[in-house]
Amino acid sequence: MGHGEHEPGAAVFEFPATSAATQLRRGSDGVLRYGDLSPALTELLDLRVHSFTNREAVVEVGGPRLTYRELWHSASRIAGGLQDHGVGYGDRVAVHMPTSARWVQAFLGALLSGAVPVLVPDALPAAIADRVIADSRADFVLGPDGPLPDSTAYIDDGAALDDPALLCYTGTRRSMPAGVELSNENLLSAVSSVVGALGLPADGLRNLVLLPLAHASGCVDQLLPTFAVGGTVVLAPTARSLADVLVSERIDTVSATPRIFAGLVPELVARRAGAGVRRISKACHRSERAAAAAPATLTSALRGLFPGAKQWSVWGATETSGIGLVVDDTELADTDSALGFAFGGTELALSGPQASAGRGELLCRGPNVSRRYWNDPDASAARFSGSWFHTGDFVSIDAEGLVRIDPSRLVSGL
Numbered sequence: 278m279g280h281g282e283h284e285p286g287a288a289v290f291e292f293p294a295t296s297a298a299t300q301l302r303r304g305s306d307g308v309l310r311y312g313d314l315s316p317a318l319t320e321l322l323d324l325r326v327h328s329f330t331n332r333e334a335v336v337e338v339g340g341p342r343l344t345y346r347e348l349w350h351s352a353s354r355i356a357g358g359l360q361d362h363g364v365g366y367g368d369r370v371a372v373h374m375p376t377s378a379r380w381v382q383a384f385l386g387a388l389l390s391g392a393v394p395v396l397v398p399d400a401l402p403a404a405i406a407d408r409v410i411a412d413s414r415a416d417f418v419l420g421p422d423g424p425l426p427d428s429t430a431y432i433d434d435g436a437a438l439d440d441p442a443l444l445c446y447t448g449t450r451r452s453m454p455a456g457v458e459l460s461n462e463n464l465l466s467a468v469s470s471v472v473g474a475l476g477l478p479a480d481g482l483r484n485l486v487l488l489p490l491a492h493a494s495g496c497v498d499q500l501l502p503t504f505a506v507g508g509t510v511v512l513a514p515t516a517r518s519l520a521d522v523l524v525s526e527r528i529d530t531v532s533a534t535p536r537i538f539a540g541l542v543p544e545l546v547a548r549r550a551g552a553g554v555r556r557i558s559k560a561c562h563r564s565e566r567a568a569a570a571a572p573a574t575l576t577s578a579l580r581g582l583f584p585g586a587k588q589w590s591v592w593g594a595t596e597t598s599g600i601g602l603v604v605d606d607t608e609l610a611d612t613d614s615a616l617g618f619a620f621g622g623t624e625l626a627l628s629g630p631q632a633s634a635g636r637g638e639l640l641c642r643g644p645n646v647s648r649r650y651w652n653d654p655d656a657s658a659a660r661f662s663g664s665w666f667h668t669g670d671f672v673s674i675d676a677e678g679l680v681r682i683d684p685s686r687l688v689s690g691l
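The sequence shown: position 29 = 306 (my numbering), numbered continuously.
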């Protein structure tokens with residue numbers, strides 16, 4: 278059984294952790310935490326900027342190409358411009374624009390100003406986007422049109438691990454999505470977990486990120502870990518041929534959802550351009566699983582296209598910073614119902630009458646798990662119990678710790 282606080286009526290499962298286990302220590306509240314985190318996300322990124330000054334940080338195919346020095350300078354000038362507009366520490370700045378190099382600059386500018394970036398997906402209907410911005414109580418909106426704020430470079434480095442660092446909305450198909458508060462500790466823990474679990478190298482990783490940056494899976498689980506190892510985030514929002522991008526941008530890592538990968542297969546089969554790819558990362562969400570090809574079929578197709586690549590599926594909710602479970606698709610024979618094994622300090626529990634038999638609603642806790650929703654105490658009380666988050670997913674967990682979905686008991690979309 279687990280340690281510390283337990284969810285009443287739940288069975289807690291502990292299994293061997295990932296290679297990051299040596300960095301994890303259990304706190305007084307029973308939650309595993311990293312003992313070597315930077316005080317804040319801005320400090321981690323600042324260190325990387327000074328370590329990889331002249332490396333490309335972000336490339337927009339057909340658009341800007343920015344080194345770490347250039348990206349940091351432009352973001353700090355945006356932060357200074359926000360300061361001139363009265364934005365200060367703890368204020369909220371909405372980032373509402375398509376995925377692009379400009380999005381990355383705006384996001385980092387909001388972060389460096391001391392504000393809490395609010396991620397507003399560009400694909401939201403206008404009425405819902407307006408409600409999200411109003412609900413977040415944003416003090417400023419960084420939009421797609423016109424110049425971004427610009428002034429003397431500024432960096433607020435006064436944040437602490439417990440301070441809110443990001444407001445990310447989930448359930449965006451609903452009329453009123455829920456805002457998830459993610460702290461510096463949540464984000465830094467997720468970054469450490471992804472870097473460790475996927476073995477991201479610091480020798481020039483080039484990650485083609487096809488996930489929306491306004492979602493936790495794109496921003497927290499791909500953009501930030503790539504920056505953490507001094508890699509290059511490649512964005513291709515208007516590229517006509519991703520097969521050409523793989524070659525011209527020397528891509529070694531591709532990150533997308535199963536649905537996006539399934540849509541790419543016909544083009545990639547025709548072009549055979551994946552010889553240089555070494556890592557495939559799939560954001561494994563239930564809605565995507567239902568819409569795409571069966572995981573085993575997709576894994577087989579991608580294995581043929583990228584024969585030298587390892588394939589991972591990473592499961593997570595926005596409330597868990599987009600991570601929590603991972604499975605190596607190249608090693609697991611039956612992937613059709615597998616969500617993965619817990620990693621990065623994530624611990625699991627099952628709730629319900631069959632919990633002791635290994636079936637029930639999946640609960641998660643860990644250093645990456647949010648503590649509450651923003652401005653919604655009722656939803657917080659319903660989904661968060663102490664340090665545990667109720668995912669709403671009904672699953673089974675076998676003796677080795679592999680979590681599989683229970684298709685007969687799906688109750689909520691994450």
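Beta carbons are placed, not taken as given, at the ideal position from N, Cα and C, and that holds for glycine.
As the structure is a prediction and not an experimental result, all values here were calculated from the model.
Can you tell me whether residue 350 is helix, strand or coil according to DSSP? DSSP, reduced to helix, strand and coil, places residue 350 within a helical segment of the structure shown.
Where the alpha helix (DSSP H) containing residue 370 begins and where it ends: For residue 370, there is no enclosing alpha helix (DSSP H); the enclosing beta strand (DSSP E) has its first and last residue at 369-372.
Residue 242 versus residue 361: straight-line alpha-carbon distance, rounded: The question about residue 242 has no answer, for the chain in this structure spans 278 to 691.
Determine the closest residue to residue 354 out of 376, 335, 389, with distance taken between C-alpha atoms. Distance check between residue 354 and each of 376, 335, 389 places 389 closest, using alpha-carbon atoms only.
Proximity to residue 223 [Cα-Cα], best of 543, 541, 682, 509: Look at the range of the chain in this structure, 278 to 691, and you will see that residue 223 is not part of it.
Please report how far the alpha carbon of residue 465 lies from the alpha carbon of residue 448, in whole angstroms. It is roughly 24 Å from the alpha-carbon of residue 465 to the alpha-carbon of residue 448.
Sort out for me which residues DSSP pairs residue 333 with in a bridge. In the DSSP output, where bridge partners are listed per residue, residue 333 has 344.
Between which two residues does the alpha helix (DSSP H) carrying residue 301 extend? That residue, residue 301, is in no alpha helix (DSSP H); its beta strand (DSSP E) goes 301-303.
Cβ-based neighbour list, residue 357, same chain, cut-off 6 Å, excluding 5 preceding and 5 following: Contacts found: 428, 429, 430, 431.
Please classify residue 527: is it buried, with 16 or more other beta-carbons within 10 angstroms of its beta-carbon, or exposed? Exposed, since its Cβ has fewer than 16 Cβ neighbours within 10 Å.
Measure the Cβ-Cβ separation of residue 484 and residue 524 and say whether it is below 8 Å. For residue 484 and residue 524, no; Cβs fall outside 8 Å.
Give the straight-line distance between the Cα atoms of residue 462 and residue 492, rounded to the nearest whole angstrom. Rounded to whole angstroms, residue 462 and residue 492 show a C-alpha spacing of 18 Å.
Spatial neighbours of residue 392 within its chain, please: CB distance less than 8 Å, with the 5 preceding and 5 following residues excluded, ordered by chain position. Leaving aside the five residues that flank residue 392 on each side, the residues in its chain whose CB is nearer than 8 Å to its CB run, in chain order, 359, 364, 365, 366, 367, 368, 369, 370, 416, 417.
Check the Cβ-Cβ distances between residue 478 and every residue of chain B, and say whether any is below 8 Å. Judged by its chain identifiers, the structure shown contains no chain B, having just a single protein chain.
Evaluate residue 404 with the Cβ neighbour count: other Cβ atoms within 10 Å of its Cβ, from every protein chain shown; 16 or more gives buried, anything less gives exposed. By the C-beta density criterion, residue 404 is exposed, having fewer than 16 other C-beta atoms within 10 angstroms.
Residue nearest to residue 577 in terms of C-alpha spacing, selected from 535, 331, 548, 553: The candidate whose alpha carbon is nearest that of residue 577 is 535.
Just to confirm the assignment, what range does the alpha helix (DSSP H) spanning residue 586 have? For residue 586, no alpha helix (DSSP H) encloses it, and the DSSP letter there is neither H nor E.
Given a cut-off of 8 Å, decide if residue 473 and residue 312 are closer than it, judged by their beta-carbon atoms. The Cβ-Cβ distance between residue 312 and residue 473 does not fall below 8 Å.
Touching or not, the stretch 534-553 and the stretch 498-512, by the rule of three or more beta carbon pairs under 8 Å? Result no; under three Cβ-Cβ pairs closer than 8 Å.
Could you check the C-alpha separation between residue 671 and residue 304 for me, to the nearest Å? Taking the straight line from one Cα to the other gives about 28 Å.
Have a look at residue 336 and residue 581 and give me their C-alpha separation to the nearest angstrom. Cα-Cα distance, rounded: 27 Å.
Length of the line joining the Cα atoms of residue 547 and residue 520: Here the alpha carbon of residue 547 sits roughly 9 Å from the alpha carbon of residue 520.
Residue 456 beta carbon less than 8 Å from that of residue 695: Shown here, the chain extends from 278 to 691; a query on residue 695 therefore has no answer.
Residues that DSSP places opposite residue 665 in a beta bridge: DSSP, once it has assigned bridges, lists 662 as partnering residue 665.
Using a threshold of 8 Å, state whether the C-beta atoms of residue 512 and residue 338 are closer than that. Closer than 8 Å, so yes.
Comparing C-alpha positions only, which one of 342, 419, 585 sits nearest to residue 387? Nearest option by C-alpha distance: 419.
Can you tell me which of 490, 553, 629, 350 puts its alpha carbon nearest to the alpha carbon of residue 398? For residue 398, the closest of 490, 553, 629, 350 by C-alpha to C-alpha distance is 490.
Comparing C-alpha positions only, which one of 377, 653, 441 sits nearest to residue 459? Here the closest residue by C-alpha is 441.
Cβ-Cβ distance between residue 557 and residue 471 below 8 Å: The answer is no: Cβ separation not under 8 Å.
Would you decide whether residue 333 is buried or exposed? Buried here means 16 or more other CB atoms lie within 10 Å of its CB. Buried, by the Cβ-count rule.
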